[in-house]
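Accompanying notes for the structure given below.
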Amino acid sequence: MKKLLAITTFLLTAAAAMAADFEKPITLTSIGQSADVQMVKALLKKAKIDANFDKSVTKEGLKDEKTLILAIGGSSKGLGAAGIKVEDELERTEALIKGAKEKGIKIIGMHIGGAARRGELSDKFVNAAAPYADYLIVVEEGNKDGAFTKIAEEKNIPMNTIPKITNAVEPLTKAFE
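Each residue of the sequence shown is one higher than the one before, starting from 94 at the first, in our numbering.
Encoded structure:
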């Protein structure tokens, strides 16, 4: 019964996600300064989806975007290299999301780092960003504890759970059809 419920939930969220209509122009940014943002950039290129890239875009940096893609995953190394404190990145995240919502910009949250991008640091960024997404794309390994499923169900957010990073191309393509 539990497996049937999980399959039904997946099919419903997948159908909802496919019906989502996200528009260009797009800006891609990092939430947590992990290298995952570079992978999302490559996935967008593979899907032939043009997007502006600014790993630290601020609310003030939002211009004419219709969609904001958030690569969610904390990295102490990435934060350190950028000279950014966790608290400052969380503040930027909150202000960015608020600014996007005020401007009617839709948000796609992507967590593609799997289990390696989960834990105390990353979960701060997951909790700061995922509940405000209009659509989530999550690699299965990063959702073993069901954290993204719980957020998606509580906030009624369509979500695609994918087996591996390369499988993100299809839901990304469908989101912009």
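Cβ coordinates follow ideal geometry from the N, Cα and C atoms, glycine included.
Around the Cβ of residue 182, a 10 Å sphere holds 16 or more other Cβ atoms; the residue is buried. Per DSSP, residue 202 lies in no alpha helix (DSSP H); the unbroken beta strand (DSSP E) holding it starts and ends at 199–204. Ranked by how close their Cα comes to the Cα of residue 262, the residues 123, 139, 130 and 116 have 139 in first place. Cβ contact annotation for residue 198 (same chain, cutoff 7 Å, sequence separation greater than five): 155, 158, 159, 160 and 161, in chain order.
With contacts defined as CB atoms closer than 8 Å, residue 163 and residue 124 qualify as a contacting pair. In the structure shown, the three-state DSSP call for residue 145 is strand. The secondary-structure analysis by DSSP pairs residue 163 across a beta bridge with 122 and 202. Bounds of the beta strand (DSSP E) holding residue 230 are 228–232. A distance of 8 Å or more separates the beta carbons of residue 237 and residue 209. Taken through DSSP and simplified to helix, strand or coil, residue 259 comes out as helix. In the structure shown, the three-state DSSP call for residue 220 is helix.
Leaving aside the five residues that flank residue 175 on each side, the residues in its chain whose CB is nearer than 6 Å to its CB run, in chain order, 126. Of all alpha-carbon atoms in 143, 129 and 230, the one lying nearest the alpha-carbon of residue 117 is that of 143. Apart from the 5 residues on each side of it in sequence, residue 233 sits with its Cβ closer than 6 Å to the Cβ of 254 and 256 in its chain, given in chain order.
Per DSSP, residue 241 is one residue of the alpha helix (DSSP H) stretching across 240–248.
By DSSP's assignment, residue 236 forms no beta bridge with any residue.
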